[in-house]
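Right, one structure below, let's go through it.
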Ligand code: M6R
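In my numbering, the protein residues as written are 7 to 618.
What follows is the structure, encoded as structure tokens:
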């Protein structure tokens, strides 16, 4: 949540900061700001709203400094206002700071500083840290910049990723991290720091990720990393696998639509090189488990949040059906505080597109603390979750910029389906069944292309329903997680009431919502239990509700019993959820657009949730 960028080098900092903020905007977009050091003075500019407001204002901001920091905000403390936007300056303007995270003990710090005659101009927790840094500077003027910030941070409880500018430190930025990501992009005569690789990728591919409890001093030609307790850190360089084109629109009006259409490639990448030679199973180089260990696993536990949680729920249906291993799933935010009993032979997976979600990270640490092996499924190479797990699987879906996750979800489903095949073949799945499954997976990109061809048809359907306020998504068994995901997408970007419900549960309560103003979307893509679903559709129709059916079965006269039908290809059960969810992604996208919303920046949301 929130995006941080910083530059120190020989070029004018402003434009680089604005460019970085645009790329970070999906992290938060309540307000944005920057500060540059120009001729020994910290000059700052802030605007409420999107980065383009800041960019417009910056045309009249005549400061040519070659060092600066910027921030795009997702509010935690204090309303959305220019005063609360970052950077925050210390009283007297000696320091400017941008901050992601929450300083939990900011009130006692603020009270202490008020007692020392500091004046506060915002409602934020961050301003307390800006003034605390100034306090340490005023107290011991001969300290180095890194020492001033280090001393201040030793008093801070909570989470942070920070970048600090000091008016007397002309070519130095200090950054530090605790539970909020930061990386340093190493350039030639310049260094860039950011909370997210997307802001760095166009300048350099060589990066250093900061670990929790580390603090770094960044100059144009050098940088040094130490721990908060002054221990030296061995620098580990990483190569970014991002392409600049990953963060371009490539002719699409929105990232969300672009990413829906990128699904065949994302799925292809998730599978590349991961089938066994005999064509009946899968393999993952990142899972450090010997054959015997794979066979001795008695239970799997998956933890995740939001869309990734829905992927895990789908994984439960797939793995239990095809591999016959019991699977538990938990919202990571619940698991981390629940003290759940874990069996010795339980293998834990955490799933996270960003690899930075703080609740998922909390679940990971909790499971490790209990002595279990924890694997990750994540899209961002080098992310905190990727580095903290004992092994795992990269999605290779490419950068996902849309706040509403689409291609990352189907890529997670692909990997979970491949895991079902892997575990199945280690248990009682025979060779021929494994081959059929693997064949279906390989055909997936092509089948997804077919579904993408339904875009215009679904847009026309969305036109008929976009003014409605209640949407129920109904699915049985493995289509229940798809119903949940369809509802989440619609809530996120169209701001309407939407619920995902196991179809048969309808009559146990939610049927009370059915009226002419409610749309029920039935995901009827499994042959089994189809007749029962038809009965449920009749129950809705009998109460005047609108019905849309997604199906792959042409034996039933759907047009007679529903208002609209979307026909998708009939496929193997292991890939059916992927085929079934794509119409729902389009549906949510078009409803959001027709209602006039900015689908790439839905209100109140941010791409990566790094606060609890
Ligand atoms: O990066 P993660 O996969 O850990 O993110 C988890 C959720 O915050 C995320 O899926 C969220 O629900 C999305 N906005 C869904 O579209």
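Even glycine gets a Cβ: it sits at the ideal position worked out from N, Cα and C.
Which term fits residue i, buried or exposed, when burial requires 16 or more other beta carbons within 10 angstroms of its beta carbon?
| i | result |
| --- | --- |
| residue 523 | exposed |
| residue 197 | buried |
| residue 365 | buried |
| residue 363 | buried |
| residue 435 | buried |
| residue 566 | exposed |
| residue 301 | exposed |
Is residue i near the ligand M6R, in the sense that its beta carbon is under 7 Å from a heavy atom of that ligand?
| i | result |
| --- | --- |
| residue 279 | no |
| residue 359 | yes |
| residue 494 | yes |
| residue 409 | yes |
| residue 616 | no |
| residue 312 | yes |
| residue 416 | no |
| residue 363 | yes |
| residue 268 | no |
| residue 611 | yes |
| residue 366 | yes |
| residue 537 | no |
| residue 498 | yes |
Can you tell me the Cα-Cα spacing of residue i and residue j, whole angstroms?
| i | j | result |
| --- | --- | --- |
| residue 377 | residue 350 | 8 Å |
| residue 89 | residue 559 | 58 Å |
| residue 183 | residue 136 | 15 Å |
| residue 322 | residue 583 | 12 Å |
| residue 618 | residue 164 | 11 Å |
| residue 59 | residue 489 | 38 Å |
| residue 217 | residue 468 | 46 Å |
| residue 151 | residue 213 | 23 Å |
| residue 303 | residue 81 | 43 Å |
| residue 84 | residue 579 | 49 Å |
| residue 354 | residue 54 | 42 Å |
| residue 171 | residue 73 | 8 Å |
| residue 32 | residue 369 | 25 Å |
| residue 159 | residue 513 | 55 Å |
| residue 373 | residue 381 | 10 Å |
| residue 128 | residue 329 | 56 Å |
| residue 186 | residue 8 | 10 Å |
| residue 596 | residue 610 | 20 Å |
| residue 267 | residue 121 | 58 Å |
| residue 600 | residue 588 | 18 Å |
Helix, strand or coil: how does DSSP classify residue i here?
| i | result |
| --- | --- |
| residue 521 | coil |
| residue 344 | helix |
| residue 140 | helix |
| residue 220 | strand |
| residue 424 | helix |
| residue 620 | Since the first residue shown for the chain is 7 and the last is 618, residue 620 is missing from the structure and cannot be characterised. |
| residue 212 | strand |
| residue 175 | coil |
| residue 400 | strand |
| residue 290 | coil |
| residue 562 | coil |
| residue 596 | helix |
| residue 296 | coil |
| residue 502 | coil |
| residue 147 | coil |
| residue 25 | helix |
| residue 196 | coil |
| residue 262 | helix |
| residue 13 | strand |
Between the options, which has its C-alpha nearest residue i's C-alpha?
| i | options | result |
| --- | --- | --- |
| residue 432 | 312, 454, 331, 11 | 331 |
| residue 194 | 132, 557, 205, 209 | 209 |
| residue 412 | 20, 509, 314, 375 | 314 |
| residue 574 | 114, 450, 191, 260 | 450 |
| residue 154 | 130, 179, 166 | 179 |
| residue 308 | 255, 398, 186, 486 | 398 |
| residue 427 | 286, 225, 236 | 286 |
| residue 386 | 379, 506, 453, 402 | 402 |
| residue 282 | 424, 70, 300, 239 | 424 |
| residue 87 | 338, 39, 400, 572 | 39 |
| residue 534 | 446, 483, 388 | 483 |
| residue 102 | 109, 174, 542 | 174 |
| residue 26 | 204, 608, 219, 273 | 204 |
| residue 47 | 94, 149, 176 | 176 |
Taking 8 Å as the CB-CB cut-off, is residue i touching chain B?
| i | result |
| --- | --- |
| residue 13 | No chain B appears in this structure, which consists of one protein chain only. |
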